[in-house]
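Chemist: One structure is given below, represented as structure tokens, and several questions about it will come after.
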Amino acid sequence: ATALSGRDFLCLRDFSRTELERMLELARLLKTWHKAGLHVRPLAGRTLAMIFQKPSTRTRVSFEVAMYQLGGHALFLSAQELQLRRGETIEDTGRVLSRYVDAIMIRTYSHDDVVQLAAASTVPVINGLTDYLHPAQALADFLTIQERFGRLSGVQLTYVGDSNNVARSLALGGARLGMRVVLSSPVGYQLDEQALAMAREDARASGGSVEVEADPRRAVVGADVVYTDVWASMGQEADHDRRVQDLAAYQVNRALLEQAASHVVVMHCLPAHRGEEITDEVIDGPRSIVWDQAENRLHAQKAILTLLLGA
Ligand code: CP
Ligand code: NVA
């Protein structure tokens, strides 16, 4: 057993810098082995339940494949087809699933639901995205950035657009890992003060920084990574048209990237809404590393699963 075994994965802030670096190191190792055709099965006989209250392509497939490749098994559970839909509580669901499976991954709306599920469950609970956070995404993104630049300390990540769940996890994790995080969002779409304060506190300890720069053209100056995400997240579809108007000046396009250094790379957690937050030309262009980024969900999550399940 290790210091990480049995723990939940709800927020990157629940882990020390050393623990996050350890996850990234194991992810790199598992990726290297996988590419070399060396298959290790530390999770033989173990099962992951995956509850989805929202759609998913990457998270669903990468967690399921990760469990399979590590020798275990994953169960896809649509919240619509569980007794949850008929009023069974999230706590009772967690108590029961804990008697069958070795870990639970959940994607849902309310972050509090995930916290309550974790409190009631006796097995590790993994956050597969809430309205508040997307920590598994951010961990994979740090793996991708580290591969590209050989380090995280001092690397400037400029996030442009809606400071949503993905942006919040990038800011919290980036601050803890010593990165220079710059957030560029219009009024009404900025990171909440509480998360900003937490990220800044961590940045002081790590030697990183977290800055807010509303002008996207200024925000990308000095960036090593320009990151964006959809303008209307899952659950915000009804508000789509207003959000597109409000965020129009924050599109990641060729003109914006001309303000950044020539070595800049572009990241997006996907799914992309081409022509809105990012242009075809940029996402399909030479600076885009979004497909490597998507692949790394698999490798990063293998590390999370291996460490939490204590193999
Ligand atoms: N990036 C991400 O989490 O994608 P999915 O919604 O497809 O899982
Ligand atoms: N911010 C997006 C991320 C999707 C992976 C959403 O919550 O819909």
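The numbering of the sequence shown is full-length UniProt numbering, which starts it at 20 and goes up by one.
In this text, a Cβ means the ideal position worked out from N, Cα and C, and glycines have one as well.
#1: Quick check: is the beta carbon of ARG273 nearer than 9 Å to any beta carbon in chain E?
#2: Are there any heavy atoms of the ligand CP lying less than 8 Å away from the beta-carbon of GLN156, as far as the coordinates show?
#3: Would the stretch 198–207 count as touching the stretch 170–183 if we require 3 or more Cβ pairs under 8 Å?
#4: Given that a residue counts as buried once 16 or more other Cβ atoms are within 10 Å of its Cβ, and exposed if not, what is PRO305?
#5: Is it buried or exposed, SER281, if we count other Cβ atoms within 10 angstroms and call 16 or more buried?
#6: From CYS165 to TRP310, what distance separates their C-alpha atoms?
#7: With respect to the alpha helix (DSSP H) encompassing ASN184, which residues constitute its N-terminal and C-terminal limits?
#8: According to DSSP, is GLU230 helix, strand or coil?
#9: In chain order, what residues of the same chain lie with their CB nearer than 7 Å to the CB of HIS36, ignoring the 5 residues before and after it?
#10: Would DSSP call THR163 helix, strand or coil?
#11: Cα separation between GLY90 and GLY227?
#12: Using beta-carbon positions only, say whether VAL249 and HIS318 come within less than 9 Å of one another.
#13: For the ligand NVA, any of its heavy atoms closer than 8 Å to the Cβ of ARG223?
#14: Between the Cα of ALA138 and the Cα atoms of ARG79, ASP160, ARG26, which residue gives the shortest distance?
#15: What are the boundary residues of the beta strand (DSSP E) that includes ALA122?
#16: Would you say TYR128 and ALA68 are within 9 Å of each other, going by their C-beta atoms?
#17: Around the C-beta of SER81, are 16 or more other C-beta atoms found within 10 angstroms, so that it is buried, or is it exposed?
#18: Run through DSSP, which three-state label would LEU176 get?
#19: Can you look up VAL144 in the DSSP assignment and give me helix, strand or coil?
#20: DSSP three-state call for MET69: helix, strand or coil?
#21: What do you get for ASP243, buried or exposed, if any count of 16 or more other CB atoms within 10 angstroms of its CB means buried?
#22: State the start and end residues of the unbroken beta strand (DSSP E) segment that holds MET286.
#23: Using DSSP's beta-bridge definition, name the partner residues of HIS92.
#24: Can you give me the C-alpha to C-alpha distance between SER252 and HIS58, rounded to a whole angstrom?
#25: Let me know if TYR87 comes out buried or exposed under the rule of 16 or more other beta-carbons within 10 Å of its beta-carbon.
Modeler: Let me lay it out:
#1: Of the protein chains in this structure there is only one, and it is not chain E.
#2: yes
#3: yes
#4: exposed
#5: exposed
#6: Here the sequence assigns Gln to residue 165, which means Cys is not the residue at that position. Answer to the nearest angstrom: the Cα atoms are 15 Å apart.
#7: 184–195
#8: strand
#9: The amino acid occupying residue 36 in the given sequence is Arg; His does not appear at that position. Around ARG36: ARG195, LEU196, SER225.
#10: helix
#11: 38 Å
#12: no
#13: no
#14: ARG26
#15: 122–126
#16: no
#17: buried
#18: strand
#19: strand
#20: strand
#21: buried
#22: 284–287
#23: THR66
#24: 36 Å
#25: exposed
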